[in-house]
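Numbering (the numbering used here), first residue to last: 15 to 304. Every residue gets a Cβ at the ideal spot worked out from N, C-alpha and C, and that includes glycine.
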């Protein structure tokens, strides 16, 4: 057994810290900066990209993705929809050295409004409770006012929506990385829609912080937590706020506890964000996996 020790700068706060994880003989971790483990607050372990769009994935692919997330310093994953026969089983049987899973159950959606094979049709009258709402239309306003806990995507969210969501202690996972770079074959109309969306998000994200909304990081099917942190800064958050979105804010919102997760870096992620993709060491629940 090993007790992992870190001496250096603890982030997001930026204070000098002494951290220990595990029990046994002490061994010093490499790296000069540390985060308390990243949180992927919008992930789909059993959904991938196929030739014609999103497709379901099996348990083997989900386990591989979980391993990759752990190597990237992710301490916990909120799986917000997929094959629940896989995700709920993985969530109920956490393994040493792998991220914890907080798994949603069924996808609910009106008939014809989501990807075939990934959801079960449900009417508004049948839906008694919604927690994490995937919404990319102005229906986000109504959903917030009926009490959802978090908005996923939310590209047309308004300042009034954010005020209500913040007052209720809600969260927003904008999944900015999901949009990817512009397609050189895009039409002028699509490029204009993209420009308007980017301008809107760059206005709303700083407002979200002002209204007390917890902004979270989510890879969705396309990105990484590291890329999402970079995007949050691009769209108006400070580097510290973006790091909080991936760590302390997410942990508090999701009720994650424990102090035996440590991810270290050789350089300061606040000045060198690319280092987030190359941790010096990763310790999850006391076990070093990198």
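Candidates the options, of which the one nearest residue i by Cα
i, options, result
"residue 280", "15, 17, 16, 22", "22"
"residue 93", "101, 87, 86", "101"
"residue 52", "82, 107, 42", "82"
"residue 62", "251, 54, 55, 75", "75"
"residue 41", "104, 194, 19, 245", "19"
"residue 113", "256, 286, 54, 211", "54"
"residue 239", "269, 224, 264, 104", "264"
"residue 211", "244, 235, 170", "170"
"residue 215", "191, 273, 107", "191"
"residue 186", "50, 223, 15", "223"
"residue 256", "230, 269, 267, 235", "230"
"residue 242", "153, 193, 262", "193"
"residue 28", "34, 49, 228", "49"
"residue 77", "68, 64, 69, 91", "91"
Element boundaries [alpha helix (DSSP H), containing residue i]
i, result
"residue 109", "Residue 109 -> no alpha helix (DSSP H), and no H or E assigned at all."
"residue 158", "154-159"
"residue 254", "253-260"
"residue 239", "239-248"
Close-in-space but distant-in-sequence residues of the same chain around residue i (CB under 6 Å, 5 per side omitted)
i, result
"residue 158", "175, 178, 179"
"residue 143", "For residue 143, the predicted structure reports a pLDDT of 49, less than 50, and the residue's modelled location is therefore unreliable. The matter cannot be settled from this model."
"residue 296", "87, 277, 303, 304"
"residue 31", "24"
"residue 282", "47"
"residue 254", "26"
"residue 110", "301"
"residue 289", "279, 281, 283"
"residue 189", "56, 167, 232, 234"
"residue 43", "18, 20, 278, 295"
"residue 173", "221"
"residue 79", "59"
Residue i - partner residues in DSSP beta bridges
i, result
"residue 54", "91"
"residue 302", "297"
"residue 47", "23, 279"
"residue 228", "185"
"residue 70", "61"
"residue 39", "16"
"residue 32", "21"
"residue 116", "92"
"residue 234", "57"
Residue i - containing beta strand (DSSP E), residue span
i, result
"residue 24", "16-24"
"residue 97", "Neither: residue 97 is in no beta strand (DSSP E) and is coded neither H nor E."
"residue 146", "146-149"
"residue 167", "164-167"
Sequence-distant residues of the same chain with beta carbon closer than 7 Å to residue i, five excluded per side
i, result
"residue 118", "93, 94, 95, 146"
"residue 199", "none"
"residue 196", "205, 208"
"residue 11", "This structure gives no information on residue 11, because the portion of the chain shown stretches from 15 to 304."
"residue 71", "60, 61, 62"
Whole-Å CB distance - residue i paired with residue j, under 8 Å assumed
i, j, result
"residue 5", "residue 57", "It is not possible to answer for residue 5, since the shown part of the chain is limited to 15 through 304."
"residue 36", "residue 300", "4 Å"
"residue 38", "residue 66", "About 51 Å; that fails the 8 Å criterion."
"residue 89", "residue 246", "Actually they are not in contact, since the Cβ atoms of residue 89 and residue 246 sit about 19 Å apart, beyond 8 Å."
"residue 287", "residue 244", "5 Å"
Contacts around residue i, its chain only, beta-carbon distance under 8 Å, and the 5 residues preceding and following it disregarded
i, result
"residue 149", "157, 165, 166, 167, 168"
"residue 181", "225, 226"
"residue 275", "35, 50, 51, 89, 297, 298, 299"
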